[in-house]
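To start, the structure under review is shown below, and the notes come after it.
Residue numbers (our numbering): -12 to 108.
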């Protein structure tokens, strides 16, 4: 977790071994349940505006620096694996919102998903 622009929390999931710098920024998620609590934490917003950005995701899920180092196999926030999507449903694009490494195709999202933070066509 980190605090950016002096006002927003963002969530990275560390994917490498200890001492190796590798993480994935969660830019957006599609909520499957708990919409009422998310809406309350997001000031009454609903639909795709709940979680279609990295700071919106953190606010909707109540994520703060207190969760830094939290294992995603434990409550209150767990990451559950789902069956892999067919490759034609996964869009690969270059990274956004950065200046260094912006041409690297390390951004992925689900085709036609309404919660994508920013589509690159």
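Glycine residues also receive a C-beta, built at the ideal position from the N, C-alpha and C atoms.
| Between the Cα of residue 90 and the Cα atoms of -3, 44, -7, 81, which residue gives the shortest distance? | 81
| Run through DSSP, which three-state label would residue 14 get? | Annotated three-state conformation of residue 14 is coil, per DSSP.
| query | In the structure shown, what three-state DSSP assignment does residue -2 receive? | reply | coil
| What residue does the beta strand (DSSP E) around residue 146 start on, and which one ends it? | Lying before the first or after the last residue shown, residue 146 is absent from the chain, which here runs from -12 to 108.
| request: Compute the distance between the beta-carbons of residue 18 and residue 38, then report whether it is under 8 Å. | output: Between residue 18 and residue 38, the C-beta spacing is below 8 Å.
| message | Quick check on residue 41: buried or exposed, where buried means 16 or more other Cβ atoms within 10 Å of its Cβ? | response | buried
| query | For residue 38, which of helix, strand or coil comes out of DSSP? | reply | coil
| task | Can you tell me which of the three DSSP states residue 79 falls into? | result | strand
| query | If residue 95 and residue 79 are in contact, beta carbons under 8 Å, what's the gap, nearest whole angstrom? | reply | 6 Å
| Does the Cβ of residue 85 have 16 or more other Cβ atoms within 10 Å, making it buried, or fewer, making it exposed? | exposed
| said: Let's test the definition: count the other Cβ atoms within 10 Å of the Cβ of residue -6 and tell me whether it reaches 16, buried, or not, exposed. | reply: exposed
| query | Among the residues of its own chain, which have a CB less than 6 Å from the CB of residue 46, if the five just before and after it don't count? | reply | Within the same chain, residue 46 has close Cβ partners 28, 29.
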